[in-house]
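Engineer: Handing you a structure now.
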Amino acid sequence: MQPRCSYRIDPTPAQRIAPAKAFGCARVVFNDALALRNQAHQNGEPFITDTDLSVRVITAAKKTPERAWLAEVSAVVLQQALADWTTAFRNFFDSLAGRRKGPKLGPPRFRSRKDTRQAIRFTKDARFAITPGGRLRLPKIRDVAVRWSRNLPAEPSSVTVIKDAAGRYFASLVVEVKSEPLPDTGGEVGIDLGLGHFAVLSDGRKIDSPRFLRRAEKKLKRLNKALSRKEKGSANRAKARLKVARQHAKVADARREFHHQLSTEIIRENQAVYVEDLAVKGLARTRQARSVHDAGWSAFTDMLEYKAKRYGRTFARVDRFFPSSKLCSVCGAVADSMPLRVREWACPCGAVHDRDINAAINVRNEGRRIVAAGRKPAPEMGGKRRRKTPVETGKTKPPARPRRRKGAVGEAGSHGSAAA
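Under my numbering, the first residue of the sequence shown is numbered -12, with each subsequent residue one higher.
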């Protein structure tokens, strides 16, 4: 495994000049490469190879008066910016050809100096190092103080210096770690994610949703109102924007810490973990969009997945169309309908179910079946194979997406929500 270990770094005011130059040079190389490739395509010229492109936008450009300042930063930073551009185009072409899973990607866009997030990357060729005093030595940036919040598990193969929207600097180091299996606990758990409770476990435990964004709404409203009153382009507007960004960073950090603590606890206590594969992008277009984003289900399930792989646990995702809420965990009967307002229901077999706990139990049972069957997809209702829709076969165009709407204050329940 090659996880990333992120640490806060504290460059001095004098040291921040060098990263700013590197951010700008990497952005210029990326934009120059994109402009050359677009121009060649429009003029019908032959395809520009990556080697020729590197010579034109880096090696030859350094010798011109207009780009002579590219020599002031590490050459590895410029090469990595060009590698990012190549990866972006490759992902775009793979998406067009159907070789890349997920939504269709657009062509790479030009980078802006106004982007709130800036990043540069150093590989081993740049000869970065960690000094005996615990500082991070970067080429042409010198030694930078690092807040070592935890020990580095292995020697890093690359480091990415990031400046986020709140003006904070981070060093993200890629390390190679081996699997560290934990003692076998024998426990299995199914997890039903939702909005009323962040997670409900199959053992009956209910974890409340912290709602970090909701709790910070009052302060964010005040800060955004102050930002809207500032003149565009002024220094006061830049200060107000930074205050808003810092408040959002606090919310994101608190949510990430909550996800890490909960996912680590679940992985340590259970040998197998099963979760439902929710359609987060679809739910983010409903009236509950703000609460869906505030919950951060995707980040949480991704943490569960990589921690299960690292610590020798079993992990599986249950298909989003599996009727976990409508299925009786005792007799296997499926209810005709289950509106979101129904929190408890009785099965004809006599069992009375808590909606969320019953769903978590069904997720656990289905996860067991998926693992036992070699991670095969869940069977369709009635044992019949689902026929592809005209949209999936390409005979008709998909319907237009619904217009995005802000989450209402009361946030009435959506119809047929997969979060139920």
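Beta carbons are placed, not taken as given, at the ideal position from N, Cα and C, and that holds for glycine. Being a predicted model, the structure only gives us computed values, none of them experimental.
Does GLU263 come out as helix, strand or coil in the three-state DSSP assignment?
Structural biologist: In this structure, GLU263 counts as strand in the three-state DSSP scheme.
Engineer: VAL288 lies in the alpha helix (DSSP H); which residues open and close that run?
Structural biologist: A small fix is needed here, since residue 288 is Thr in this sequence, not Val. Element bounds for THR288: 284 to 297.
Engineer: As an exercise, report each continuous beta strand (DSSP E) stretch of at least 3 residues that is fully enclosed by the segment -10 to 64, in chain order.
Structural biologist: Segments of the beta strand (DSSP E) lying fully in the segment -10 to 64: -9 to -3.
Engineer: Quick check on the DSSP output: the beta strand (DSSP E) that includes PHE157 runs from which residue to which?
Structural biologist: PHE157 -> beta strand (DSSP E) spans 156 to 162.
Engineer: Is it buried or exposed, ALA7, if we count other Cβ atoms within 10 angstroms and call 16 or more buried?
Structural biologist: So ALA7 ends up on the exposed side.
Engineer: So, using beta-carbon positions, are VAL262 and THR288 closer together than 8 Å?
Structural biologist: Yes, Cβ-Cβ distance for VAL262 and THR288 is below 8 Å.
Engineer: Report the partner residues of ASP341 according to the DSSP bridge assignment.
Structural biologist: Paired residues: GLU331.
Engineer: Identify whether ALA406 lies in helix, strand or coil by the three-state DSSP scheme.
Structural biologist: With a pLDDT of only 43 at ALA406, under the threshold of 50, the placement of this residue in the model should not be trusted; the figure read from the coordinates follows. ALA406: coil per DSSP, three-state reduction.
Engineer: Name, in chain order, the residues that DSSP records as bridge partners for VAL176.
Structural biologist: Its beta-bridge partners are VAL260.
Engineer: With three or more beta-carbon pairs closer than 8 Å as the criterion, would you say the segment 33 to 49 touches the segment 113 to 128?
Structural biologist: Taking 8 Å as the limit for Cβ pairs, the verdict is that the segment 113 to 128 does not touch the segment 33 to 49.
Engineer: List the whole-angstrom C-beta distance separating ALA295 from VAL260, where the pair is believed to meet the contact cut-off of C-beta under 8 Å.
Structural biologist: Yes, they are in contact, since the Cβ atoms of ALA295 and VAL260 sit about 6 Å apart, within 8 Å.
Engineer: What is the DSSP secondary structure of ALA152, counted as helix, strand or coil?
Structural biologist: Coil, per DSSP.
Engineer: Count the CB pairs spanning the segment 86 to 105 and the segment -3 to 14 that are closer than 8 Å, and state whether there are at least three.
Structural biologist: As far as the Cβ criterion goes, the segment 86 to 105 touches the segment -3 to 14, which means the pair count is three or higher.
Engineer: Could you tell me if PRO(-2) is buried or exposed, where buried requires 16 or more neighbouring beta carbons within 10 angstroms of its beta carbon?
Structural biologist: Under this definition PRO(-2) is a buried residue.
Engineer: Let's test the definition: count the other Cβ atoms within 10 Å of the Cβ of PHE302 and tell me whether it reaches 16, buried, or not, exposed.
Structural biologist: The residue is buried, with at least 16 neighbouring Cβ atoms inside 10 Å.
Engineer: Hey, VAL187 and ILE344: beta-carbon distance below 8 Å or not?
Structural biologist: Yes. Within cutoff.
Engineer: Between which residues of its own chain and LEU207 is the CB-CB distance below 6 Å, once the five residues before and five after are set aside?
Structural biologist: Excluding residues within five positions, the ones whose Cβ falls inside 6 Å are GLN234.
Engineer: Indicate whether ALA346 and ASP195 have their beta-carbon atoms separated by less than 8 Å.
Structural biologist: No, they are not a contact pair.
Engineer: Secondary structure at GLU249, three-state DSSP: helix, strand or coil?
Structural biologist: Note that residue 249 is Leu in the sequence shown here, rather than Glu. Looking at LEU249 - three-state DSSP - the assignment turns out to be helix.
Engineer: With H, G and I counted as helix, E and B as strand and the rest as coil, what does DSSP make of PHE302?
Structural biologist: The answer is strand: DSSP assigns PHE302 an E or B state.
Engineer: Going by the CB atoms, is the gap between SER144 and GLU163 shorter than 8 Å?
Structural biologist: Their beta carbons are under 8 Å apart, which means GLU163 touches SER144 by this criterion.
Engineer: In the DSSP assignment, find the unbroken alpha helix (DSSP H) run with ALA213 in it and report its ends.
Structural biologist: Taken as a continuous stretch (DSSP letters only), the alpha helix (DSSP H) holding ALA213 covers 204 to 215.
Engineer: Three or more beta-carbon pairs under 8 Å between the segment 46 to 61 and the segment 82 to 93, yes or no?
Structural biologist: No: fewer than three Cβ pairs fall under 8 Å.
Engineer: When DSSP labels each residue in this structure, what does ASP130 get in the three-state scheme?
Structural biologist: ASP130 falls in the strand class under three-state DSSP.
Engineer: Does DSSP put LYS165 in a helix, a strand or coil?
Structural biologist: Three-state result, LYS165: coil.
Engineer: Suppose you measure from the CA of LEU291 to the CA of ARG300; what does that come to, to the nearest Å?
Structural biologist: Answer to the nearest angstrom: the Cα atoms are 10 Å apart.
Engineer: Assuming VAL231 contacts LEU210 under a Cβ cut-off of 8 Å, what Cβ separation, rounded to an integer in Å, is found between them?
Structural biologist: Right, the Cβ-Cβ distance comes to about 5 Å (below 8 Å), so this counts as a contact.
Engineer: Evaluate CYS336 with the Cβ neighbour count: other Cβ atoms within 10 Å of its Cβ, from every protein chain shown; 16 or more gives buried, anything less gives exposed.
Structural biologist: It counts as exposed.
Engineer: Starting from the Cα of GLY191, find the closest Cα among ASP39, VAL329, HIS340 and give me that residue.
Structural biologist: For the residues ASP39, VAL329, HIS340, the minimum Cα distance to GLY191 belongs to HIS340.
Engineer: Per DSSP, GLN67 is paired with what?
Structural biologist: Answer by DSSP bridge pairing: none, since GLN67 is not bridged.
Engineer: If GLY31 and GLY177 are in contact, beta carbons under 8 Å, what's the gap, nearest whole angstrom?
Structural biologist: No, GLY31 and GLY177 are not in contact; Cβ-Cβ is about 57 Å, not under 8 Å.
Engineer: How big is the Cα-Cα spacing for ALA239 and THR51?
Structural biologist: Using only the alpha carbons, I get a separation of about 43 Å.
Engineer: Is PHE115 helix, strand or coil by DSSP?
Structural biologist: Looking at PHE115 - three-state DSSP - the assignment turns out to be coil, as it is neither helix nor strand.
Engineer: Among LEU265, ARG124, GLU256, ALA222, which has the Cα closest to the Cα of PHE308?
Structural biologist: Residue LEU265 is the option with its Cα nearest to PHE308.
Engineer: My understanding is that TYR(-6) touches VAL133, with C-beta atoms under 8 Å, so please give their C-beta distance in whole angstroms.
Structural biologist: Indeed, because the Cβ distance is near 5 Å, the residues count as touching under 8 Å.
Engineer: CA-CA distance, VAL350 and ALA1?
Structural biologist: So the alpha carbons of these two residues sit roughly 55 Å apart.
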